[in-house]
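Written below as C-alpha cells is the structure these notes are about.
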DNA sequence: ACGTTAAGTAGCCAGTTGGATACTTTAGTA
DNA sequence: TACTAAAGTATCCAACTGGCTACTTAACGT
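Shown next, in the form of C-alpha cells:
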C-alpha cells in the first residue's frame with residue numbers, strides 16, 4: 001500500500017524505467033520510444049528488457065503506477081506536516097513542485113500524457129489528479145469563508161486551479177530557475193479564483 | 206498574410222500534411238511519426254514526401270505555420286463579426302472551439318505540443334497564444350468594470366483563462382459531444398476569474 | 001558445496017526504415 | 001506541337017528494429 005515506489009525493484013528494472021523516462025522527455029512522448037534504444041540508454045542488452053516487462057505498454061503502466069504512488073505519498077506527507085485544522089492549500093503548490101522536481105522525468109512524461117491518446121498511462125494520471133482535486137476541495141471547504149460555497153462551484157474552481165498548476169508545473173520542470181515566479185503566478189491565480197468564488201457565492205445567496 | 210492556409214499548396218502536400226496530423230493525433234506526438242507511414246496514409250510513394258519537405262521537422266514547421274494562420278484568421282473573423290465597442294470576450298471561447306473542430310487534427314497536435322520538447326513547432330504555437338492573450342487583455346481592459354484593473358494583473362488572469370481554455374479545448378476535440386458542458390465550464394471560469402480580479406483590484410485601491 | 005532461479009548476454013531473423021539514384025507521368029506554356 | 005519543370009514512382013541499400021532461442025553469470029537457500 002504505502003510503500004515507496006520502485007523501492008524493491010531490481011536494479012535493471014529501475015535503470016530501464018529511468019532511461020525510458022529520460023528519453024521520453026527528450027522525444028516528447030513515450031509512444032516515440034524505441035525498445036532497443038531504451039535498453040542502450042540503460043546500459044543493458046536489449047533482451048534484458050523482456051526480463052522485466054512484457055512490452056513497452058506494460059512498462060508505461062508501471063511508470064503510471066509510480067507516478068500515482070509518488071502523488072499519494074506526497075499528499076500523505078503534506079497532510080502530516082501541517083497541524084490539523086490548518087488548510088493544506090497554502091502549501092500545496094510548493095509541495096507539488098517539490099515532488100515534481102524530485103522525479104522530474106516521470107512527472108514530465110505523466111503530465112504531458114494528460115492530453116495524449118487514451119490509454120492506461122493517461123487514465124491513471126487523470127485519476128490521480130481527480131483524487132487530488134476532491135481532496136483539496138474538501139480541505140478548502142472547511143475554511144470559514146468557503147463553508148457557504150456550493151461544493152460543485154468550489155470543485156470547479158479547484159479544477160481550474162489544478163489545470164493551471166499542472167501547466168505551471170511543466171514549465172517549472174523545464175526551467176527550475178523560474179520556480180519563484182511560477183509559484184507566485186500560481187498563488188495569484190489561487191487568490192483571484194477564490195476571491196471570485198466568494199464574490200459570486202455571496203452575490204447569489 | 207491574410208490568405209487561407211495551405212490553399213495554394215499542391216494536392217500531395219496537403220494530403221501529406223493531413224495524414225501526418227491524423228497519425229500524430231493517434232500516436233500522441235508528431236515525434237513518433239514515421240516518414241514512410243505518413244506517405245502510405247496519404248496514398249503516396251514515400252519518395253514523394255521529399256518533393257514537398259526536406260524532412261519531418263520541416264514538415265512540422267509548415268504545420269505550425271498553418272496553425273498560426275488559422276488562429277490569426279479566426280481572430281480576424283471574430284473581430285469583424287461583433288460591433289465595435291462590444292467586447293469579444295463573450296464569444297471568444299465558442300469561436301476557439303469552432304476553429305479547433307474545423308481543423309481538429311492540426312489543433313490537437315499543436316496544442317499538445319505546448320508542453321512538448323522545445324522546437325520550432327512549440328515556439329510558433331506559444332507565440333500564437335501569447336498574441337491572443339495580449340489581444341484579449343486589451344479587449345477586456347476597455348470594459349468599464351475593468352478599466353481600473355492593473356494591466357499586469359488582468360494579463361495574469363487572461364493567461365490563467367487561456368491555459369484553462371486550451372485544456373478544455375483539447376477535451377472538446379476528443380469529445381465533441383461534450384461541447385456545451387465544456388463551454389459552460391469555461392464560462393464559469395471566466396466569471397469567477399473576472400469577479401476575483403475586480404474584487405482584489407477594488408480592495409487594493 | 002550444490003542446485004535452482006532470476007538477471008543478464010549473444011547471435012540470429014525477417015521486416016521496416018530513411019535516404020539515394022534513376023525513371024515516368026502530368027500539366028502548363030512558348 | 002514540342003519542351004520543360006513539377007509531381008510522382010520504382011528499386012535498391014545499409015542500418016536498425018522487435019522478438020526469438022540458446023547460453024552465461026550472480027545470488028541465495030539448503
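Residue numbers (the numbering used here), protein chains in the order written: chain C, 1 to 205; chain A, 206 to 410.
Cβ atoms here follow ideal geometry from the backbone N, Cα and C, with glycine treated the same way.
Report the neighbours of residue i on chain C: residues whose CB is nearer than 8 Å to its CB, in chain order.
i                      : result
residue 369 of chain A : 160, 163 and 164
residue 321 of chain A : 28, 29 and 112
Once the 5 residues before and after residue i are set aside, which same chain residues still bring their CB inside 6 Å of it?
i                      : result
residue 2 of chain C   : For residue 2 of chain C, the predicted structure reports a pLDDT of 32, less than 50, and the residue's modelled location is therefore unreliable. A value from the coordinates is still provided. Once the five neighbours on either side are set aside, residue 2 of chain C has no close Cβ partner at all.
residue 315 of chain A : 272 and 330
residue 226 of chain A : 310, 311 and 314
residue 236 of chain A : none
Listing by chain order, which chain A residues have their CB less than 7 Å from the CB of residue i?
i                      : result
residue 188 of chain C : 361
residue 32 of chain C  : 234, 236 and 237
residue 192 of chain C : 362, 398, 401, 402 and 405
Sort the options by Cα distance to residue i and report the nearest one.
i                      : options                       : result
residue 221 of chain A : A:311, A:345 and A:282        : A:311
residue 325 of chain A : A:403, A:393 and A:262        : A:262
residue 337 of chain A : A:228, A:375, A:364 and A:315 : A:364
residue 362 of chain A : A:233, A:226, A:301 and A:405 : A:405
residue 145 of chain C : C:31, C:10, C:13 and C:195    : C:195
residue 216 of chain A : A:248, A:332 and A:341        : A:248
residue 233 of chain A : A:266, A:379 and A:303        : A:379
residue 139 of chain C : C:52, C:155, C:97 and C:25    : C:155
residue 141 of chain C : C:127, C:166 and C:198        : C:198
residue 219 of chain A : A:320, A:230, A:258 and A:231 : A:258
residue 340 of chain A : A:352, A:355 and A:281        : A:281
residue 352 of chain A : A:292, A:371, A:297 and A:318 : A:292
residue 91 of chain C  : C:84, C:204 and C:187         : C:187
residue 150 of chain C : C:129, C:99, C:115 and C:203  : C:203
residue 137 of chain C : C:99, C:51, C:163 and C:89    : C:89
residue 63 of chain C  : C:9, C:163 and C:164          : C:9
Chain A partners of residue i, CB-CB under 8 Å?
i                      : result
residue 199 of chain C : 400, 401, 403 and 404
residue 170 of chain C : 320
Between residue i and the rest of its own chain, which residues show a CB-CB distance below 8 Å, the 5 nearest in sequence each way excluded?
i                      : result
residue 4 of chain C   : Interpretation of residue 4 of chain C is limited by its pLDDT of 36, a score under 50 that renders its predicted location unreliable; no figure is taken from the coordinates.
residue 185 of chain C : 168
residue 302 of chain A : 374, 377, 384, 387 and 388
residue 317 of chain A : 233, 234 and 375
residue 114 of chain C : 122, 125, 126, 129 and 166
DSSP state of residue i, grouped into three classes?
i                      : result
residue 406 of chain A : helix
residue 150 of chain C : coil
residue 84 of chain C  : coil
residue 307 of chain A : helix
residue 214 of chain A : coil
residue 343 of chain A : helix
residue 361 of chain A : helix
residue 78 of chain C  : helix
residue 144 of chain C : helix
residue 117 of chain C : coil
residue 206 of chain A : Any answer about residue 206 of chain A is weak, because its pLDDT of 32 lies below 50 and its placement is not dependable; what the coordinates show is given next. Three-state DSSP puts residue 206 of chain A in coil, outside helix and strand.
Just to confirm my understanding: we take residue i, look at its own chain, exclude 5 residues before and 5 after, and list those with CB closer than 7 Å. What are they?
i                      : result
residue 23 of chain C  : 33, 37, 38 and 41
residue 176 of chain C : 101
residue 387 of chain A : 373, 376 and 377
residue 95 of chain C  : 74 and 78
residue 103 of chain C : 70
residue 161 of chain C : 189, 190 and 193
residue 224 of chain A : 243, 246 and 247
residue 153 of chain C : 197 and 201
residue 348 of chain A : 292
Could you tell me which chain A residues have their CB closer than 9 Å to the CB of residue i, listed as they occur along the chain?
i                      : result
residue 185 of chain C : 361, 364 and 365
Every unbroken alpha helix (DSSP H) inside the region 13-75 of chain C [4 residues or more]: Correct list: 35-41 and 49-52.
Entirely enclosed beta strand (DSSP E) segments - the region 158-191 of chain C, minimum 3 residues: Counting whole runs of 3 or more residues, the region 158-191 of chain C contains no beta strand (DSSP E) stretch at all.
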